[in-house]
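Here the structure comes first, spelled out in structure tokens, and everything after it is commentary.
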Amino acid sequence: MVSRVRVWLNRTYAENVFFMDQLRHNPHARPVDIHATHGDADSPVLAAADTADLEPEGLSPAAYVEYALDQCAKRSIDVFVPRLHQAALAAHREEFAAVGTALLAPPVAGIEVFEDKVTAYEAVQEYGVPVPPWFRVTNADELIAAVEELEDAGHKACFKPASGAGGVGFRVVTRAPFSLSHLSGFPSPYVQLDMVVEAVRAAEEPVDWMVMPRLEQPEVSVDCLTGPDGRVRMAVGRTKNGRRRGFTLNPAWIEPARLIAQRFGLHYLTNIQFRMYGDEPVLMDVNTRPAGGLHQLALCGVNAPWAAVRLALGEETGDVVPTRLGEDYTVVSGTRPVRGVTLPQQVAEVAVPVEPVAAGPVEARALAVAPGTVCKPAADRPLAV
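Take the sequence shown: its position 285, counting from 1, is numbered 285 in the working numbering, and each next residue is one higher.
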């Protein structure tokens, strides 16, 4: 009998319901049970899981490690895919192994390098990976100086937290005075420099921002799968240019990503993002976790989540190579159920069966090739990258 695999995802992004779908639809037809925990009772990942718990709030990283070890022992977890407190958990890999759980996360040293964007840029430059110019700023005067230097060089300046993920805190600087035009349409990432300077000067604490040129499209997210031996098994780029999506194996994007994954020991699933600085692809960000859009690789014939779980279990996958790159596509949102029950404030398990998602004609066609992925071919010529 084929053994059942028990996988746990903690406080992860809603898009990882697709990650869970791919584990269940693995090519070996191996049974997979999924446990999920989250702080939001309405998170779709709780509804998609076989069992789910609400996570206790306010735990320190050290206390969360103890909570996670207890979950793994109690739930007989084979593979734990951590997002929240990833570095703290990775530092206790041997303790998880002692209760029979493999951590699907890089070693703590690799995670820590990329928790701070300035440290990351400095580190990758030593290996020849191109990066855009940047400035670390902590106060209003440093901010003004950085913006003026970038503008003098012909760039639009933007800033974001030196540590953070998911584009949180990203803003593009504008000199245009605030007016009613900024209150029409949808909210914009543009923010007036004078308003930012005033807010920074009024703040009680210094900021910790990275100021850099606004990089241009295409954006290419390279999903890498690296074994614990440091060898990269997979590197596939997902291109983004406006609404258009596609895939690439262009070495201009792939080779720097492979280099970063190998040199910094970014085991298992990582996502390395690039954009254009002039005519040159440059590093934008490194995520030491599976990307929210990872499931889109199913359109290339790749089930990356299952390959990663196999590596974590000590099984060899060999090189994971796309069987096709396919047509360009656009992404259309779909629906997912929530639990439909009121979970108590403190943790309580409720097993919920996975129900099929209703889909219209376009969604049904996309689901047939990639469970959980909702997409359609773009209308005109392929994106050249």
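Glycine is no exception: its CB is placed at the ideal position from the N, C-alpha and C atoms. All values derive from a computational prediction rather than experimental measurement.
Range covered by the alpha helix (DSSP H) that runs through residue i
i, result
"D21", "V17 to R24"
"L259", "P251 to R263"
"G246", "Run containing G246: none in the alpha helix (DSSP H); it sits in the beta strand (DSSP E), R244 to T248."
"G110", "V108 to V113"
"R93", "R93 to A98"
"L89", "Q86 to A90"
Supposed contact pair residue j and residue i - C-beta distance, whole angstroms, cut 8 Å
i, j, result
"T270", "N287", "6 Å"
"L69", "P305", "Incorrect: roughly 23 Å between the Cβ atoms, too far for contact."
"D78", "D50", "Contact flag wrong, Cβ pair sits at about 13 Å."
"P133", "P213", "7 Å"
"A157", "A146", "7 Å"
"Y268", "A298", "With a Cβ gap of about 18 Å, Y268 and A298 do not count as contacting."
"V65", "H92", "5 Å"
"A162", "R201", "Not quite, the Cβ-Cβ distance comes to about 19 Å (not below 8 Å), so this is no contact."
"Q192", "A176", "7 Å"
"L54", "A63", "Not confirmed; about 16 Å, so no contact."
Same chain, Cβ closer than 8 Å to residue i, neighbours up to 5 away in sequence not counted
i, result
"P44", "A14, V17, R336, P337 and V338"
"A90", "P82, L103, A105, P106, P107, V108 and I111"
"C300", "V236, F247, P322, T323, R324, L325 and G326"
"R233", "L225, T226, G227, A307, L311, T317, G318, D319 and V320"
"R4", "R30, P31, V32 and D33"
"Y121", "V131, W134 and L283"
Chain-order list of residues whose beta-carbon lies under 7 Å from that of residue i (same chain, five-residue window excluded)
i, result
"E235", "Here residue 235 is Ala; the residue named in the question, Glu, does not match the sequence. So the qualifying residues of the chain are V222, C224, I254, A257 and R258."
"T138", "P206, V207 and D208"
"P61", "H85 and A88"
"E315", "none"
"V197", "A140, L143 and I144"
Boundaries of the beta strand (DSSP E) in which residue i is found, first to last residue
i, result
"A298", "Counting along the chain, A298 falls outside any beta strand (DSSP E), and DSSP gives it neither H nor E."
"I77", "Where I77 is concerned, there is no enclosing beta strand (DSSP E), given that its DSSP letter is neither H nor E."
"E280", "E280 to N287"
"A235", "V232 to N241"
"E216", "E216 to T226"
"T270", "Y268 to Y277"
"R6", "V5 to N10"
"P213", "W209 to P213"
"T330", "Y329 to V331"
Residue from the options whose Cα sits closest to the Cα of residue i
i, options, result
"A140", "P133, S76, M195 and A41", "M195"
"V95", "L325, K117 and Y67", "Residue identity differs from the one stated: residue 95 is Glu in this sequence, not Val. For the residues L325, K117 and Y67, the minimum Cα distance to E95 belongs to Y67."
"M462", "S179, A202 and V168", "Outside the displayed span of the chain (1 to 385) sits residue 462, for which this structure offers no information."
"A98", "A88, A73, E198 and P31", "A73"
"H155", "E142, H38, A88 and T174", "T174"
"R289", "E151, A176 and E115", "E115"
"F80", "W8, E316 and A307", "W8"
"R171", "R93, A41, Y190 and E315", "Y190"
"F159", "A123, V118, F178 and S184", "V118"
"A291", "H182, V220 and S60", "V220"
"V124", "G58, F264 and S179", "F264"
"G230", "R238, I260 and L143", "I260"
"T330", "Q296, V309 and Y277", "Q296"
"G39", "H28, G58 and P27", "G58"
"G278", "A153, L183 and S181", "A153"
"R238", "E126, V302 and L183", "V302"
Beta-carbon contacts of residue i that lie in its chain and below 6 Å, excluding the five residues immediately before and after
i, result
"L84", "N10 and R11"
"P187", "none"
"A252", "P281"
"R6", "D33, S76, I77 and D78"
"M20", "I34 and A48"
"T101", "C72, I77 and F80"
"A52", "A36 and L46"
"R275", "L215, E219 and M284"
"L294", "D223 and A304"
"I272", "V222, A257, I260 and V286"
"V309", "V79"
Near the ligand GTP: residue i beta-carbon under 7 Å from a heavy atom
i, result
"H35", "With respect to small molecules bound, the structure shown includes none, and the ligand GTP cannot be examined in it."
> In chain order, which continuous runs of the beta strand (DSSP E) of length 3 or greater are located wholly inside the segment 120-206?
Replying inline: 135-137, 157-161, 171-174 and 190-192
>> Could you tell me which whole alpha helix (DSSP H) segments of length 4 or greater appear in the segment 30-59?
In response: 44-48
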